[in-house]
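Data first, discussion second: the structure below is written as structure tokens.
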DNA sequence: ACGTTTGATGACAGTGACTGACATCGATCG
DNA sequence: CGATCGATGTCAGTCACTGTCATCAAACGT
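Protein chains in written order, with our numbering: chain P, 30 to 217; chain C, 30 to 217.
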């Protein structure tokens, strides 16, 4: 046994999500989060750069998964097919985390600062994917455009997945969105 | 003549852009911006909600222009063609503001908080355009996907316009990006 | 076994963004 | 000419976030 309770980060993240859900993001102070986790405010900031970041612990995992899937697509796959492989992987990741995803989405959706943070995480993901596509030989601006278009599919698909009641899987919804994107762009 | 110097907002915006350029966003305090504009910190916050917002005075103008162009596209235009009309209008808006756009972009690009704010402004623009497309009879998720894809074209085109040395117009670059997007999505 | 080092945490003071409440005062209205 | 208004100033206060030093259990080395 250590001198302190283990899983400090998770305890902070759990306390934060609870408090943000119960009383709202703005009405929660970092000191309260720390106190619920049995820690001090200073320790919170040793684990998370700021009050928003505590909701985005999974970003790195998602990025790694996405990038691996895109990089691992067959060499013969088109850019958009590689992107689709990434979307499938992301869909699988969230498959059994829907309740958590919904609660987290509700908190983020209710606050502009948190939406900003969410957007920059997706933009960072897009940048990483564009780089991976370039590694696959895709030229600019095709790489960035493919990544950004894929993020659009992810965003719209994710919101629909959260909004409905489990009728369709996230992967299925993203496939539909990708198909619809092909329709509206009415490509080559 | 009023009791105070006129154009308070513009003076604050000018002072802020100057100081953010000279010393960086983080190294500038709101009190310094206010002082350079001949005002107090409290007055700054009466005109701008926060330290970031002072760089985004033009967002509303861009949104109005964009939405008007999309709404005004011929009824026979496809969603993506209506979107293209909005991109053209935006391209025209920036045409004679390139030096200002570059300076502002450099400031925003150098700071994560400012990039976050930029992203939420573009997301808000996307939402407004999606609504306009729905008013034109476009169903979901096609409306949101078209708007998001259009934003991707705007983003990538804009960055290239800032990066190069005036060889091509913003409108021309966005047309190229839109064409490239059609290629990569390899649509219907 | 025992002194040393390490690493996570606590304690505390400080900065700066942002807010609420109240005072000021030239311009405008009746 | 007095009442009102609107933009600003003044000031106190909260809270996010940071730097610095103290603490102390555990792991390590001898």
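Quick reminder that beta carbons are idealized off the backbone N, C-alpha and C, glycines included.
For the region 191 to 215 of chain P, the beta-carbon criterion of a distance under 7 Å to any beta-carbon of chain C is satisfied by 206, 209, 210, 211, 212, 213, 214 and 215. Taking C-beta atoms as the reference points, residue 98(P) and residue 87(P) fail to come closer than 7 Å. The beta carbons of residue 38(P) and residue 76(P) sit closer together than 7 Å. By the Cβ neighbour-count rule, residue 173(P) is buried, with 16 or more other Cβ atoms within 10 Å of its own. Counting only residues of its own chain and dropping the five nearest sequence neighbours on each side, residue 137(P) has a CB closer than 7 Å to the CB of 84, 143, 144 and 147. For the pair of segments examined, the region 192 to 203 of chain P was found not to touch the region 93 to 113 of chain C: the number of CB pairs separated by less than 8 Å stays below three. In the three-state scheme derived from DSSP, where H, G and I count as helix and E and B as strand, residue 68(C) is classed as coil. For residue 184(C), the chain P residues whose C-beta falls within less than 7 Å of its own C-beta are 177, listed in chain order.
One alpha carbon belongs to residue 51(C), the other to residue 170(C), and they sit about 44 Å apart.
165(C) is the residue among 165(C), 181(C) and 90(C) whose C-alpha sits nearest the C-alpha of residue 111(C). Residue 176(P) and residue 190(P) have their C-alpha atoms roughly 21 Å apart.
Non-local beta-carbon contacts of residue 94(P) in its own chain, meaning distances under 7 Å to residues more than five positions away in sequence, involve 118, 119 and 122 in chain order. Using a Cβ distance threshold of 7 Å, residue 180(P) and residue 162(P) do not count as a contacting pair.
By alpha-carbon distance to residue 40(C), the top candidate from 33(C), 66(C) and 187(C) is 66(C). Nearest to residue 209(C) by alpha-carbon distance, out of 45(C), 46(C), 81(C) and 178(C), is 178(C).
Here residue 59(C) is near residue 70(C), since their CB atoms are less than 7 Å apart.
Using a Cβ-Cβ cut-off of 7 Å, residue 154(P) does not count as an interface residue toward chain C, since no Cβ of chain C sits closer than that to its own.
C-alpha of residue 127(P) to C-alpha of residue 63(C): approximately 47 Å in a straight line. In the structure shown, residue 156(C) adopts helical secondary structure according to DSSP, grouped into three states. For residue 56(P), no alpha helix (DSSP H) encloses it, and the DSSP letter there is neither H nor E.
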